[in-house]
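Engineer: This is the structure I want to talk about, given as structure tokens.
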Amino acid sequence: MGWAVMVVWECEIINNTDTIVKRIKAMLEYDKTDPVSIEKYAKKLVGQTLDEAISGTILSAMNKEDKGTFGHILETCYFGINPGNSQNPDFKEAGVELKSTPLKMTKKGLVSKERLVMNMIDYMKLENETWETSSFLKKNALLLLVLYLHEKGRKSVLDYMIKAVGLWKYSAEDLKIMRDDWLKIQKMVKEGKAHELSEGDTFYLGACRKGHKEGPRKQPKSEIGAKQRAFSLKQRYVNEMINALLKREQSGIPEKIVKSVKEYSSGQTFEDFITSKFIPYYGMTQEEIACLLAIDLNKETKNANDIISRNILGVKKKNIEEFEKAGVTMRSIVLESTGKLIESISFPTFEYTELVKEKSWESSSIKAQYDKKFFFVIYKRNNKNEKVLKKAIFWNMPYKDLIEAKKVWKETILRIKADKCDNLPKITDNPVAHVRPHAQNKKDTFITPSGKKCVKKCFWLNAKYIQSQLGPI
DNA sequence: GCATGATCATGC
DNA sequence: GCATGATCATGC
Numbered sequence: 000m001g002w003a004v005m006v007v008w009e010c011e012i013i014n015n016t017d018t019i020v021k022r023i024k025a026m027l028e029y030d031k032t033d034p035v036s037i038e039k040y041a042k043k044l045v046g047q048t049l050d051e052a053i054s055g056t057i058l059s060a061m062n063k064e065d066k067g068t069f070g071h072i073l074e075t076c077y078f079g080i081n082p083g084n085s086q087n088p089d090f091k092e093a094g095v096e097l098k099s100t101p102l103k104m105t106k107k108g109l110v111s112k113e114r115l116v117m118n119m120i121d122y123m124k125l126e127n128e129t130w131e132t133s134s135f136l137k138k139n140a141l142l143l144l145v146l147y148l149h150e151k152g153r154k155s156v157l158d159y160m161i162k163a164v165g166l167w168k169y170s171a172e173d174l175k176i177m178r179d180d181w182l183k184i185q186k187m188v189k190e191g192k193a194h195e196l197s198e199g200d201t202f203y204l205g206a207c208r209k210g211h212k213e214g215p216r217k218q219p220k221s222e223i224g225a226k227q228r229a230f231s232l233k234q235r236y237v238n239e240m241i242n243a244l245l246k247r248e249q250s251g252i253p254e255k256i257v258k259s260v261k262e263y264s265s266g267q268t269f270e271d272f273i274t275s276k277f278i279p280y281y282g283m284t285q286e287e288i289a290c291l292l293a294i295d296l297n298k299e300t301k302n303a304n305d306i307i308s309r310n311i312l313g314v315k316k317k318n319i320e321e322f323e324k325a326g327v328t329m330r331s332i333v334l335e336s337t338g339k340l341i342e343s344i345s346f347p348t349f350e351y352t353e354l355v356k357e358k359s360w361e362s363s364s365i366k367a368q369y370d371k372k373f374f375f376v377i378y379k380r381n382n383k384n385e386k387v388l389k390k391a392i393f394w395n396m397p398y399k400d401l402i403e404a405k406k407v408w409k410e411t412i413l414r415i416k417a418d419k420c421d422n423l424p425k426i427t428d429n430p431v432a433h434v435r436p437h438a439q440n441k442k443d444t445f446i447t448p449s450g451k452k453c454v455k456k457c458f459w460l461n462a463k464y465i466q467s468q469l470g471p472i
């Protein structure tokens with residue numbers, strides 16, 4: 000009943016039973032002795048603001064402008080812990096220290112807004128510590144990072160969007176550098192030079208100023224008072240952590256469509272199952288589907304096709320496990336109101352210099368692409384120009400058509416070698432495939448074997464050919 | 001109407 | 001900054 004007592008402590012912040020019930024519930028949702036369980040629970044924060052995450056807990060008693068408030072609210076209201084100023088990690092049994100830190104948006108993407116301040120340096124104690132038993136490592140060996148986007152317009156920390164969450168364990172290589180940093184700081188303190196410490200002394204681990212009101216602190220071997228400092232992870236290092244974490248977040252583990260085999264009805268194959276998900280929406284416009292699935296599709300949304308397909312499949316992530324494993328490529332196809340397909344289907348651009356090196360069709364990059372199974376989500380425009388879902392089908396290229404496509408590949412290589420990058424197989428040259436530009440603009444080029452610049456191009460499957468493969472719509 | 005070239009929007 | 005999926009623009 001330890002937490003019952005704690006709940007009482009928090010009464011100044013949390014003052015209704017509803018909230019207390021939520022708090023207790025939160026604490027039962029994870030195992031606070033297990034880092035993995037803590038991380039799993041913490042991951043639910045991603046994509047939410049703190050306000051949403053704690054579902055409207057009353058916090059009026061708190062001064063939201065206080066520094067460190069984000070972390071405090073997170074600890075008390077989301078995790079239901081109250082570690083205070085302990086020398087132990089916040090989740091003591093799991094050895095996990097909770098660290099939240101703001102990000103800012105720059106042209107290069109998300110970066111750390113500031114260094115990550117860790118535990119205070121006690122100069123007198125530091126003198127006699129070793130790195131392995133240091134107060135720094137004791138508290139900060141395993142971090143749970145909660146990264147949120149700091150936006151100027153947002154008034155309250157409750158409104159910041161949480162972008163990424165994850166456990167952080169330093170690599171052995173990092174630890175070596177951090178150890179050297181730590182020893183350097185310790186050495187200066189031992190020599191009575193604590194007042195000369197500066198952040199420029201070290202690489203990953205810094206001794207940053209912390210607290211301005213508090214007076215100078217005592218240091219060994221010197222009568223001079225030293226400014227109060229804390230260990231910190233430098234901004235550059237924090238940026239590395241952020242990159243790694245955001246990458247983990249995005250690529251992450253692919254998401255499954257079928258969560259359990261129980262979802263299949265008897266005799267149903269995977270193909271049947273996927274297709275059956277789309278059937279209820281046949282005949283509906285994208286707007287109608289969006290409405291049914293409660294998707295916010297405004298008219299400016301350009302990736303509506305993709306969003307709708309994903310929602311029908313019930314996946315949020317970019318990577319769909321089954322499709323990845325099976326090499327399925329999901330593509331949307333939009334027919335004109337007349338039923339005609341205008342647009343050909345593009346593939347990744349090739350580098351002229353790489354393409355000419357390809358030894359055989361079998362090992363070529365484009366053959367691997369053509370060989371995949373395709374999942375076509377087919378729309379037809381109605382007389383109001385709205386896209387109406389007609390059908391969703393799996394398709395793969397028949398062998399005889401691959402042979403045609405091979406000719407295009409072969410001819411393309413021959414022409415590149417003959418320095419004719421501007422004259423590659425046209426749509427009229429072959430019934431199945433052709434080559435055409437695919438670039439940002441005409442300045443977006445690759446170098447040709449002869450050293451010229453030529454706009455980026457790729458193989459395309461002819462619209463007419465694809466249409467012939469779709470069957471009646 | 002179609003071939004061909006060009007570029008856009010988005011997300012990584 | 002660029003790959004990717006998608007779509008637009010132009011001229012014959």
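Going left to right, the first sequence walks through residues 0 to 472 as numbering that gives the first Met the number 0 numbers them.
In this text, a Cβ means the ideal position worked out from N, Cα and C, and glycines have one as well.
Which residue's Cα is closest to the Cα of Ile184: Lys162, Met123 and Met160?
Structural biologist: Your numbering for residue 184 matches position 185 in the first sequence. Ile184 has its Cα closest to that of Met123, out of Lys162, Met123 and Met160.
Engineer: Cα-Cα, which of Phe230, Ala52, Ile311 and Leu296 is closest to Val257?
Structural biologist: Indexing the first sequence from 1 puts residue 257 at position 258. It is Ile311.
Engineer: According to the Cβ coordinates, are Ala462 and Glu342 closer than 9 Å?
Structural biologist: On the first sequence, position 463 is the one that residue 462 refers to. On the first sequence, position 343 is the one that residue 342 refers to. Result yes, Cβ atoms of Ala462 and Glu342 sit closer than 9 Å.
Engineer: Could you pull out every unbroken beta strand (DSSP E) segment of at least 3 residues lying fully inside the segment 106-152, listed in chain order?
Structural biologist: The qualifying runs are 108-111, 115-119 and 141-148.
Engineer: Decide if the segment 440-450 is in contact with the segment 373-391; the criterion is three or more beta carbon pairs, one per stretch, under 8 Å apart.
Structural biologist: The segment 440-450, when compared against the segment 373-391, does not touch it at the 8 Å Cβ threshold.
Engineer: With a Cβ-Cβ cutoff of 9 Å, do Pro219 and His194 count as a contact?
Structural biologist: Here the question's residue 219 lines up with position 220 in the first sequence. Here the question's residue 194 lines up with position 195 in the first sequence. Against a cut-off of 9 Å, the Cβ pair of His194 and Pro219 comes out as no contact.
Engineer: Who are the Cβ neighbours of Ile37 in its own chain at under 7 Å, not counting the five residues just before and after it?
Structural biologist: Walking along the first sequence from the start, residue 37 turns up at place 38. Within the same chain, Ile37 has close Cβ partners Tyr29, Lys31, Phe90, Ala93, Val95 and Leu143.
Engineer: Do Leu102 and Lys162 have their C-beta atoms closer together than 9 Å?
Structural biologist: One-based indexing of the first sequence puts residue 102 at position 103. One-based indexing of the first sequence puts residue 162 at position 163. Contact flag set, yes.
Engineer: Relative to the C-alpha of Val237, which residue among Ile80, Trp459 and Leu115 is closest?
Structural biologist: By 1-based counting over the first sequence, the position of residue 237 is 238. The option with the nearest alpha carbon to Val237 is Leu115.
Engineer: Can you list, in chain order, the residues of its chain whose CB lies under 8 Å from that of Leu491, leaving out five sequence neighbours each side?
Structural biologist: Given that the chain is displayed from residue 0 to residue 472, the structure contains no residue 491 and the question cannot be resolved.
Engineer: Measuring only the C-alpha atoms, how far is His71 from Ser85?
Structural biologist: Residue numbering aside, residue 71 sits at position 72 when the first sequence is read from its first letter. Residue numbering aside, residue 85 sits at position 86 when the first sequence is read from its first letter. In a straight line, the C-alpha of His71 is about 14 Å away from that of Ser85.
Engineer: Expressed to the nearest angstrom, what Euclidean distance is found between the alpha-carbon atoms of Ala432 and Leu460?
Structural biologist: Taking the first residue of the first sequence as 1, we reach residue 432 at position 433. Taking the first residue of the first sequence as 1, we reach residue 460 at position 461. Spanning the two alpha carbons is a distance of roughly 4 Å.
Engineer: Please go through the same chain and pick out, in chain order, the residues whose beta-carbon is closer than 8 Å to the beta-carbon of Tyr464, but skip the five residues on each side of it.
Structural biologist: Translated into positions along the first sequence, residue 464 becomes position 465. Contacts found: Asp400, Pro430, Val431 and Ala432.
Engineer: Just to confirm, is the Cβ distance from Lys209 to Gln227 under 9 Å?
Structural biologist: Counted from its first residue, the first sequence places residue 209 at position 210. Counted from its first residue, the first sequence places residue 227 at position 228. Closer than 9 Å, so yes.
Engineer: Can you give me the Cβ contacts of Phe230 inside the same chain, cut-off strictly under 7 Å, excluding the 5 residues immediately before and after it?
Structural biologist: Taking the first residue of the first sequence as 1, we reach residue 230 at position 231. Result list for Phe230: Met117, Asn118, Ile120, Phe135, Leu204 and Ala206, in chain order.
Engineer: Run through the segment 345-379 for me and flag every whole alpha helix (DSSP H) of 4 or more residues, listed as ranges in chain order.
Structural biologist: Listed in chain order, they are 351-354 and 364-369.
Engineer: Check the DSSP bridge columns for Lys209 and list the partner residues they point to.
Structural biologist: Counted from its first residue, the first sequence places residue 209 at position 210. BP columns for Lys209 are empty, so no partner.
Engineer: State whether the segment 278-288 contacts the segment 398-414, with contact taken as three or more CB pairs (one from each stretch) at a distance under 8 Å.
Structural biologist: Touching, no, given that fewer than three Cβ pairs across the two stretches are closer than 8 Å.
Engineer: Where do the N-terminal and C-terminal ends of the beta strand (DSSP E) with Gly165 fall, by residue?
Structural biologist: For this step, residue 165 is matched to residue 166 along the first sequence. Looking at the DSSP string, the run of the beta strand (DSSP E) that includes Gly165 is Met160 to Lys168.
Engineer: Answer with buried or exposed for Thr165, where buried requires no fewer than 16 other C-beta atoms within 10 angstroms of its C-beta.
Structural biologist: Within the first sequence, residue 165 is the residue found at index 166, counting from 1. For clarity, residue 165 is Gly in the given sequence; the question names Thr instead. Answer is buried; the Cβ neighbour count reaches 16.
Engineer: For Leu109 versus Leu73, is the C-beta distance shorter than 9 Å?
Structural biologist: The sequence position of residue 109 within the first sequence is 110, counting from 1. The sequence position of residue 73 within the first sequence is 74, counting from 1. Cβ atoms of Leu109 and Leu73: not closer than 9 Å.
Engineer: Using the Cβ count rule (16 or more neighbours within 10 Å means buried), how would you classify Ser133?
Structural biologist: Counting from one through the first sequence, the residue named residue 133 turns up at place 134. So Ser133 ends up on the buried side.
Engineer: Less than 8 Å between the CB of Ile412 and some heavy atom of the ligand COA, yes or no?
Structural biologist: This structure simply doesn't include the ligand COA, nor any ligand for that matter.
Engineer: What whole-angstrom Cβ distance do Leu334 and Tyr378 have, given they're in contact under 8 Å?
Structural biologist: Residue mapping note: residue 334 aligns to position 335 of the first sequence, counting from 1. Residue mapping note: residue 378 aligns to position 379 of the first sequence, counting from 1. Confirmed, Cβ separation roughly 7 Å.
Engineer: Determine the contact status of Leu245 and Leu146, defining contact as a CB-CB distance below 9 Å.
Structural biologist: Numbered from 1 along the first sequence, position 246 holds the residue referred to as residue 245. Numbered from 1 along the first sequence, position 147 holds the residue referred to as residue 146. In this structure, Leu146 lies closer than 9 Å to Leu245 by Cβ.
Engineer: Mind reading off the beta-carbon distance from Glu126 to Lys189? Whole number of angstroms is fine, and I expect it under 8 Å.
Structural biologist: By one-based count along the first sequence, residue 126 stands at place 127. By one-based count along the first sequence, residue 189 stands at place 190. Contact flag correct, Cβ pair sits at about 6 Å.
Engineer: Pick helix, strand or coil for Gly199, following the three-state DSSP scheme.
Structural biologist: By one-based count along the first sequence, residue 199 stands at place 200. It is helical.
Engineer: How long is the line joining the alpha carbons of Ser308 and Phe375, rounded to whole angstroms?
Structural biologist: Stepping through the first sequence from its first residue, residue 308 is reached at position 309. Stepping through the first sequence from its first residue, residue 375 is reached at position 376. Each residue's Cα considered, the two are about 10 Å apart.
Engineer: Ignore the nearest five residues each way along the sequence and tell me which others in Lys66's own chain have a CB closer than 8 Å to its CB.
Structural biologist: Mapped onto the first sequence, residue 66 falls at position 67. Reliability of the predicted coordinates at Lys66 is poor, the pLDDT of 48 falling under 50, and no value is obtained from them.
Engineer: Does the distance from the C-beta atom of Glu353 to that of Ser345 stay below 9 Å?
Structural biologist: In the first sequence, counting from the first residue as 1, residue 353 sits at position 354. In the first sequence, counting from the first residue as 1, residue 345 sits at position 346. No.
Engineer: Compute the beta-carbon to beta-carbon distance between Lys372 and Gly326, rounded to the nearest angstrom, for a pair I have assumed lies under 8 Å.
Structural biologist: Along the first sequence, read from residue 1 onward, the residue named residue 372 stands at position 373. Along the first sequence, read from residue 1 onward, the residue named residue 326 stands at position 327. Rounded, the Cβ-Cβ distance is 6 Å, consistent with contact.
Engineer: Nearest-angstrom Cα distance between Ile241 and Leu413?
Structural biologist: Position 242 of the first sequence holds residue 241. Position 414 of the first sequence holds residue 413. Whole-angstrom Cα-Cα distance: 46 Å.
Engineer: State buried or exposed for Asn139, treating a residue as buried only when at least 16 other CB atoms are found within 10 Å of its CB.
Structural biologist: On the first sequence, position 140 is the one that residue 139 refers to. Result: buried.
Engineer: Could you tell me which residues DSSP puts in a beta bridge with Val333?
Structural biologist: Here residue 333 refers to the residue found at position 334 of the first sequence. BP columns for Val333 point to Tyr378.
Engineer: In angstroms with no decimal places, state the Cα-to-Cα distance between Val156 and Thr337.
Structural biologist: Residue mapping note: residue 156 aligns to position 157 of the first sequence, counting from 1. Residue mapping note: residue 337 aligns to position 338 of the first sequence, counting from 1. The alpha-carbon atoms of Val156 and Thr337 are separated by roughly 54 Å.
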